[in-house]
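Protein chains in written order, with our numbering: chain A, 3 to 219; chain B, 3 to 219; chain C, 40 to 273; chain D, 40 to 273.
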């Protein structure tokens, strides 16, 4: 079974040299720590920067340089700053090759819910609705089950949607799954996790074909 | 009767301090030469500059600094350069207080034709269609009659239109006229020009109320 | 051409209760601190505020919320403000949550004279309810309308009395699009410079969009999430 | 991240007859001279060219027109080119003349993923024929569609191998919007610099929009209308 860093590490393997990537808040943010040395990707933060670097050294924080999670950041050489309208022109215009987002629920047709729990929590969708409606390549990073142990990979989302039929792949603490016309297709098992464990934790339709390899982390 | 410079001079009197102004090609360009000293206006050229200054000194021309008429220009202190999309955002968003254009024909309901003579001349509309469709305050600068002596102030335009019901005022070599619901309303006569001369040169509906003053140039 | 006003009071002249106000900034980054503080002092209320976020409980727009001066918020994300969530869930505050990209585009389009446009964001979600749907290249899009405001209040790094502005770093964010969309746009700047000091080739907001400009008295520039690494880390 | 290609031949790799090509520039100002000259040499034809103007008879896009390499032009103003007018009036050349602001916006929207938008320009004229009309605030608007291109070719002043670009003066014009709208965007620059040399705060075209970049061999930068005053004039 993976921890959050393990999920991030597995997702980092998806990156291809030369890609522009948008990482959401939470587990997705950790992905930046695991990009292979020979793969150059540029991180976009939708508040207006391409070429986001690591956190600044203590004492070098700049209130005027943050990411979409409101964290202080740095800019790498070759970085570029722009305004919000331009930033979402990049996103909507499909100039970003990969988007990694957290989710509360994903359905087996690729719907995603991650912004609202009616009557309880309403943080807002931020840029997530633009990202999921625009990007061709959306990966969800999340735990397979919620705190109550219920599956987050569902036949149908119960929470208000962020986007419909948009998620391409889900990476959880238990597995890598692709969204297909027939449901979640199991691609890889997390180290030490059995197919049965994944079955038991997945409420949505699950397709298991042949031998399912274990992830290489 | 006015010459082209006289028309420009009369239009310059329309300018108010603090206005942003777009001047078309031809007579409108000359307006810049006659702005009163106590009136500060900023000239926009739709290819991407606010704060256009006079022509450069001989030998100081810069191929990378031109106006919409493709003429070499200078930039005044406080000028600002931008791209075409932003330029027409200014125009379409009605941030320009006055637009002065030439015309081949104007109708008495404010239609304007200035970009095409079917089968003969097709230069294109350039930015004129955006300007006339967007601006609240459009003044046409032109001769009252064409080279054949026919009126250019018509009941209806015969040439393909640039915009409908958009012209507010026309300044010609003979007169100043406002567009009203009932047609061209005569506001001022050019020096030495009689009301009858204006009547004879105007094909569209002409409203003459009371004494018509002579322009003060 | 002189848009320079003496200070925040003169800048906000005419701003009244019940108006629609755009405020630049992302989180607490690039917010017009001086104008917000003055609006609290003025006590204007029943405001409709268009701003990506709603500040935190004791800074930024949170200050206006604490005093119940805001009737309605139009935002994309409000997760950092407990009082906001409380007022929203209790129904005291009207809230229109819209996708961040749609918010930015709706302000830009408002300033650019484009009254409506199609975007894929929000299709199939509650954001799309009641909105016209049209397919382009086989993909569903929503028709979204432009936003404008009685006053747009932005914060820039430097500006001149023609209204030309430059921003610093990611404090740019929503400020340029909102500057375009105000019937009256007020810019507060860290440093007011003479016309000609800003390179005309590198101005972020052309002066034409700005009606009033002043230098703010002081900027706290509070950091929301101070994240750092130590020198030993790579 | 290295988008630097060795020269104009490598930059234009894959550009074929029959394609739709955007070319930046206004008049002869800010046009991609090196790429145009190479396209003449390559002899690609049946091109659909989207460019505000069509050059003059012996420079810029006029060179492609002389050799009948262009099947269709999408422009706003073509008054400076006699051969253009001749080919258009004789029917040899298809021409779609569209308002300059709509052209700029259609390119921008193409790059920004907005497939259609409403604009007042052209209502009631032949530009509006067959287009959907809708009223906003009592004013008629046309629904216009976004433009994209197989290749967008732009010319910048400086650029780095990440594709970040800055333009000089009014040579900016259509280049930024078109850079956004190319499936493949090629930037030719006067000076290629190292990443980090361009101030990240003052970049006109973010590198993400550019796929290939090279430094042009030489720039003639012809002036169309040389207008000057003498030192004695005020």
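All C-beta atoms in this analysis are idealised placements derived from N, C-alpha and C, irrespective of residue type, glycine included.
Asked                                                                                                                                                                                                       : Found
Is there a Cβ of chain B sitting closer than 8 Å to that of residue 162 (chain D), yes or no?                                                                                                               : yes
Below 9 Å on C-beta distance, what does residue 208 (chain D) contact in chain C?                                                                                                                           : 239 and 240
Counting C-beta neighbours from all protein chains within 10 Å, is the total for residue 210 (chain B) 16 or more, i.e. buried, or is it exposed?                                                           : exposed
Quick check on residue 47 (chain D): buried or exposed, where buried means 16 or more other Cβ atoms within 10 Å of its Cβ?                                                                                 : buried
Would you mind telling me which residues of chain C sit closer than 7 Å to residue 158 (chain D), beta carbon to beta carbon, in chain order?                                                               : 153
Listed in chain order, which residues of the segment 81-112 of chain C have Cβ atoms closer than 8 Å to some Cβ of chain B?                                                                                 : none
Using a Cβ cut-off of 8 Å (strictly closer), state whether residue 175 (chain C) contacts chain D.                                                                                                          : yes
Taking all protein chains shown into account, do 16 or more other C-beta atoms lie within 10 angstroms of the C-beta of residue 149 (chain C), making it buried, or fewer, making it exposed?               : buried
So, does the CB of residue 175 (chain B) fall closer than 8 Å to a CB anywhere in chain C?                                                                                                                  : no
Locate the alpha helix (DSSP H) running through residue 77 (chain C), then write down its first and last residues.                                                                                          : 72-81
Per the contact definition of three or more C-beta pairs closer than 8 Å, is the segment 189-197 of chain D in contact with the segment 218-237 of chain D?                                                 : yes
Can you say whether residue 194 (chain B) is buried or exposed, counting buried as having 16 or more other CB atoms within 10 angstroms of its CB?                                                          : exposed
Starting from residue 254 (chain D), trace the beta strand (DSSP E) both ways and give me its first and last residue.                                                                                       : 251-254
Name the chain A residues that come within less than 7 Å of residue 247 (chain D), Cβ to Cβ?                                                                                                                : 22, 52, 92 and 97
Please tell me whether residue 43 (chain D) has its Cβ less than 8 Å away from any Cβ of chain C.                                                                                                           : no
Is it right to say residue 158 (chain B) is buried, meaning 16 or more other beta carbons lie within 10 angstroms of its own, or is it exposed?                                                             : exposed
Where residue 11 (chain A) and residue 161 (chain A) are concerned, what is the direct C-alpha to C-alpha distance, given to the nearest angstrom?                                                          : 28 Å
The alpha helix (DSSP H) with residue 6 (chain B) in it runs from where to where?                                                                                                                           : 6-14
Which residues in the same chain as residue 135 (chain B) place their Cβ atom closer than 6 Å to its Cβ, once the five residues preceding and following it in sequence are excluded?                        : 165
According to DSSP, is residue 206 (chain C) helix, strand or coil?                                                                                                                                          : coil
My understanding is that residue 82 (chain A) touches residue 203 (chain D), with C-beta atoms under 8 Å, so please give their C-beta distance in whole angstroms.                                          : 5 Å
Please go through the same chain and pick out, in chain order, the residues whose beta-carbon is closer than 6 Å to the beta-carbon of residue 23 (chain A), but skip the five residues on each side of it. : 43, 45 and 100
Could you tell me which residues DSSP pairs with residue 24 (chain B) in its beta bridges?                                                                                                                  : B:46 and B:101
With 16 other CB atoms within 10 Å as the buried threshold, where does residue 41 (chain D) fall?                                                                                                           : exposed
Which bits of chain B does residue 234 (chain C) rub up against, with CB to CB less than 7 Å?                                                                                                               : 79 and 80
Comparing the C-beta of residue 136 (chain B) with each C-beta of chain C, is any distance below 8 Å?                                                                                                       : yes
Quick one: residues in its chain with C-beta nearer than 6 Å to the C-beta of residue 214 (chain B), no 5 flanking neighbours on either side, listed in chain order?                                        : 188, 191 and 197
Out of A:38, A:132 and A:51, which one is the CA nearest neighbour of residue 74 (chain A)?                                                                                                                 : A:51
Does the beta-carbon of residue 127 (chain A) have 16 or more other beta-carbons within 10 angstroms, so that it is buried, or is it exposed?                                                               : buried
What are the start and end residues of the beta strand (DSSP E) that includes residue 46 (chain D)?                                                                                                         : Element bounds for residue 46 (chain D): n/a, residue is neither H nor E.
By alpha-carbon positions, which one of D:224, D:176, D:75 and D:165 ends up nearest to residue 187 (chain D)?                                                                                              : D:224
Using a beta-carbon distance below 8 Å, is residue 25 (chain B) in contact with chain D?                                                                                                                    : no
Counting C-beta neighbours from all protein chains within 10 Å, is the total for residue 52 (chain D) 16 or more, i.e. buried, or is it exposed?                                                            : exposed
With 8 Å as the threshold, decide whether the Cβ of residue 216 (chain D) is near any Cβ in chain B.                                                                                                        : yes
Does the beta-carbon of residue 19 (chain A) have 16 or more other beta-carbons within 10 angstroms, so that it is buried, or is it exposed?                                                                : exposed
Assess, as a yes-or-no matter, whether the segment 85-97 of chain A is touched by the segment 146-155 of chain A under the definition of 3 or more beta carbon pairs within less than 8 Å.                  : no
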